[in-house]
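First the structure, in the form of structure tokens, and then the observations on it.
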Amino acid sequence: MEILIRDSLEAGAEVAASVVKKIINSKENPVLGLATGGTPLRMYHELIRMKESGELSFQKCTTFNLDEYAGLPREDERSYYYYMMNNLFDHLDINRERVHLPDGNAKDLREACRKYEQQIKNAGGIDLQVLGIGANGHIGFNEPTGSFASRTWVKILSEQTIQDNSIYFDKLEEVPRHVVTMGIATIMESRHCLLLANGAKKADAIRKMIEGPISASCPASILQMHPRVTVVLDEESAYLLTFKDHYKWIEKNKLDWQRY
Numbered sequence: 127m128e129i130l131i132r133d134s135l136e137a138g139a140e141v142a143a144s145v146v147k148k149i150i151n152s153k154e155n156p157v158l159g160l161a162t163g164g165t166p167l168r169m170y171h172e173l174i175r176m177k178e179s180g181e182l183s184f185q186k187c188t189t190f191n192l193d194e195y196a197g198l199p200r201e202d203e204r205s206y207y208y209y210m211m212n213n214l215f216d217h218l219d220i221n222r223e224r225v226h227l228p229d230g231n232a233k234d235l236r237e238a239c240r241k242y243e244q245q246i247k248n249a250g251g252i253d254l255q256v257l258g259i260g261a262n263g264h265i266g267f268n269e270p271t272g273s274f275a276s277r278t279w280v281k282i283l284s285e286q287t288i289q290d291n292s293i294y295f296d297k298l299e300e301v302p303r304h305v306v307t308m309g310i311a312t313i314m315e316s317r318h319c320l321l322l323a324n325g326a327k328k329a330d331a332i333r334k335m336i337e338g339p340i341s342a343s344c345p346a347s348i349l350q351m352h353p354r355v356t357v358v359l360d361e362e363s364a365y366l367l368t369f370k371d372h373y374k375w376i377e378k379n380k381l382d383w384q385r386y
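The opening position of the sequence shown corresponds to residue 127 in this note's numbering, with each subsequent residue numbered one higher.
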């Protein structure tokens, strides 16, 4: 893992956006895996700025989102479809036919999951997968104790995740219990993973992910086995790391070609 710790959310967003930019500019037809939530918003704002300034084009990009609520209409402001359109895609020069999100309203969710996996395969796999991390260590909506061999499937949210996500809903009871999410095995097949985290609430999960044992109790810990992971943190989310100073030393002394 490459651990990058920054003093502010803005600085972290700039680093994360530069990783995305590098992937887009190095591939003829880049395939991006994207995430939702509060964490990647600043990175998306920076990518929009890059597009508007002429630094970056998304015309040849294909995208696949990590997850979506099951049963929540796409036009609902709390759906991840709405989030992505409002916060990113409506502001980019991207071909909408190349934009893919899990269909949480499919009549046959099992078949929709199978098709989503096939679409990723047909695109040649994901070049860069953007990830957040839950306070309980989930990536995508792969909750603790789930299988590391899982593929895109319908999952049940944990009580903690429902509580965490209730800030986006008027009532706790309105939070969907079921989601469609890429599985751990799907995520691990991405050629490069970019995980973003900020805030003290994520510090324990970050510590377990980076320095703890690989365990289904912290799904993100499997990323220790991925050949290329870039982790961008702020000081608050990194404060429990035993080797925090070492990670900073490593970054400072890397050769130019070794940097994200």
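All C-beta atoms in this analysis are idealised placements derived from N, C-alpha and C, irrespective of residue type, glycine included.
- In this structure, His-304 lies away from Leu-254, with their beta-carbon atoms at least 7 Å apart.
- Under the three-state reduction of DSSP, Asp-360 is assigned to strand.
- For Ala-342, same chain residues with a beta-carbon under 7 Å away, outside a window of 5 residues either side, are Pro-270, Thr-271, Gly-272, Phe-274 in chain order.
- Listed as beta-bridge partners of Gly-159 by DSSP are Phe-190, Gln-255.
- With a minimum length of 4 residues, the unbroken runs of alpha helix (DSSP H) contained wholly in the region 278-334 fall at 285-291, 310-314.
- In the structure shown, His-171 adopts helical secondary structure according to DSSP, grouped into three states.
- Residue pairing from DSSP places Tyr-195 in a beta bridge opposite Val-305.
- By the criterion of a C-beta distance shorter than 6 Å, Thr-189 is surrounded in its chain by Leu-158, Leu-160, Val-225, once the five residues flanking it on both sides are discounted.
- Bounds of the beta strand (DSSP E) holding Arg-132 are 128-132.
- In the structure shown, Ser-341 falls within a strand segment according to DSSP collapsed to helix, strand and coil.
- If you look at Ala-261, you'll find it isn't in any alpha helix (DSSP H); DSSP assigns it neither H nor E.
- Close CB contacts of Arg-222 within its chain, under the 8 Å cut and outside five residues either way in sequence, are with Phe-215 (chain order).
- The closest CA to that of Ala-139, considering only Leu-322, Ala-331, Val-306, is found on Leu-322.
- Taking 7 Å as the cut-off, the beta carbon of Tyr-373 is found closer than this to the beta carbon of Ile-129.
- Here Gly-250 is exposed. Its C-beta has fewer than 16 other C-beta atoms within 10 Å.
- Proximity to Pro-228 across Ala-261, Met-211, Arg-204, Asn-191 peaks at Asn-191, based on C-alpha coordinates.
- Contact annotation, Val-306 with Val-280: C-beta distance approximately 6 Å; criterion of less than 8 Å satisfied.
- By the Cβ rule, the region 192-201 does not count as touching the region 141-155, because fewer than three pairs are nearer than 8 Å.
- Residue Phe-184 holds the alpha-carbon nearest to the alpha-carbon of Lys-148 among Ile-348, Asn-212, Phe-184.
- Spatial neighbours of Ser-276 in its own chain (CB-CB distance under 7 Å, excluding positions within 5 residues in sequence) are listed in chain order as Asn-268, Gly-309, Ile-310, Ala-311.
- In the three-state reduction of the DSSP assignment, His-217 falls in the helix class.
- Counting of Cβ neighbours within 10 angstroms places Gly-260 among the buried residues, the total reaching 16 or more.
- Thr-165 sits buried, since 16 or more C-beta atoms from the chains shown fall within 10 Å of its C-beta.
- Asn-268 is bridged by DSSP to Ile-265.
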